[in-house]
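A.B. asks: Please read through the structure below; I'll follow up with questions.
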Amino acid sequence: MTGIPWREGLSLVLIGVGVLFFLAGSVGVLRLPDLLSRLHALTKADNLGLGLVVAGLMLQAANVQEVLKLLLVWLLVLFASSVACYLVARSATAAVVRADDGAPIQPTQPPPPGELAAGGANDR
C-alpha cells in the first residue's frame, strides 16, 4: 500500500495544527494592546497547541509508558502556565497597569494588606 499510514498522517495533522496555535498565540502577544489580553491569547493558544502536539506524539508512542509521560508533561505545563498567568495578572492588577491611552486601570477592590506577601515582595 502506498501513501502515509493513517497514524502518521493523523499525527502530522495534529502536530501541524498545534504549531499553528502556537504561532497564533505568539501573534496575539505581539498584536494585542494590553497585558491581560496578551496573557489570555497566549495561555489559551499555547495550552491548546501543546495539547494537540501531545496528542500527535501519543499516536507515535511505542508503549503506554510513553503515553503516560506525555500526558504528565502536558498536565504539568497546563497547571504551571495557569498559575503563572494568574500571578502575573494579579500583580499587574495590584500595580495599576496602564492601558494604551495612558489612563490607569484601577482594580475594583484593592487586595488586603499583606495578601501579596506570599511571594515575599511586601516583606520589608
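In our numbering, the protein residues as written are 37 to 160.
The beta-carbon is built from N, C-alpha and C at its ideal position, and this holds for glycine as well.
1. Apart from the five residues on each side of it in sequence, which residues of its chain come closer than 6 Å, Cβ to Cβ, to residue 93?
2. I need the DSSP call for residue 99, collapsed to helix, strand or coil.
3. Take residue 129 as the anchor and find which of 51, 66 and 73 has the nearest alpha-carbon.
4. Select from 99, 60 and 75 the residue whose C-alpha is nearest the C-alpha of residue 117.
5. Closer than 6 Å by C-beta to residue 91: which residues in its own chain qualify, once you throw out the five before and the five after it? Chain order, please.
6. Who are the near neighbours of residue 96 in its chain, counting only those whose CB is closer than 8 Å to its CB and skipping five residues on each side?
7. Report all residues from its chain with a CB closer than 8 Å to the CB of residue 22; omit the five preceding and five following residues, and keep chain order.
8. Which residues in the same chain have their Cβ closer than 7 Å to the Cβ of residue 78, if we skip the five residues on either side of it in sequence?
9. At what residues does the alpha helix (DSSP H) containing residue 60 begin and finish?
10. Is it buried or exposed for residue 81, if we count other Cβ within 10 angstroms and need 16 for buried?
11. Whole angstroms are fine: how far does the CA of residue 40 sit from the CA of residue 69?
12. Can you grab the Cα-Cα spacing for the pair residue 87 / residue 123, in whole Å?
C.D. replies: In brief:
1. Residue numbering aside, residue 93 sits at position 57 when the sequence shown is read from its first letter. Result list for residue 93: 106, in chain order.
2. Against the sequence shown, residue 99 aligns to sequence position 63. Coil, per DSSP.
3. Along the sequence shown, read from residue 1 onward, the residue named residue 129 stands at position 93. Across the set 51, 66 and 73, the C-alpha of 73 shows the shortest separation from the C-alpha of residue 129.
4. On the sequence shown, position 81 is the one that residue 117 refers to. Measuring from the Cα of residue 117, the nearest candidate turns out to be 75.
5. Position 55 of the sequence shown holds residue 91. Excluding sequence neighbours, residue 91 sits near 50.
6. The residue labelled residue 96 in the question sits at position 60 within the sequence shown. Setting aside the 5 residues that flank it on each side, residue 96 is surrounded in the same chain by 43, 44 and 47, each with a C-beta closer than 8 Å to its C-beta; the list follows chain order.
7. No statement about residue 22 is possible, as the shown extent of the chain runs from 37 to 160 and does not include it.
8. For the purposes of this step, residue 78 is taken as residue 42 along the sequence shown, with counting starting at 1. Spatial neighbours of residue 78 in its own chain (CB-CB distance under 7 Å, excluding positions within 5 residues in sequence) are listed in chain order as 61, 64 and 65.
9. What you label residue 60 is simply residue 24 of the sequence shown in a count that begins at 1. Here the alpha helix (DSSP H) through residue 60 covers 42 to 67.
10. One-based indexing of the sequence shown puts residue 81 at position 45. The C-beta of residue 81 has 16 or more other C-beta atoms within 10 Å across all chains shown, which makes the residue buried.
11. Here the question's residue 69 lines up with position 33 in the sequence shown. Here the question's residue 40 lines up with position 4 in the sequence shown. Between the C-alpha atoms of residue 69 and residue 40 there is a straight-line separation of about 43 Å.
12. Translated into the one-based positions of the sequence shown, residue 87 becomes position 51. Translated into the one-based positions of the sequence shown, residue 123 becomes position 87. Rounded to whole angstroms, the gap between the alpha carbons of residue 87 and residue 123 is 22 Å.
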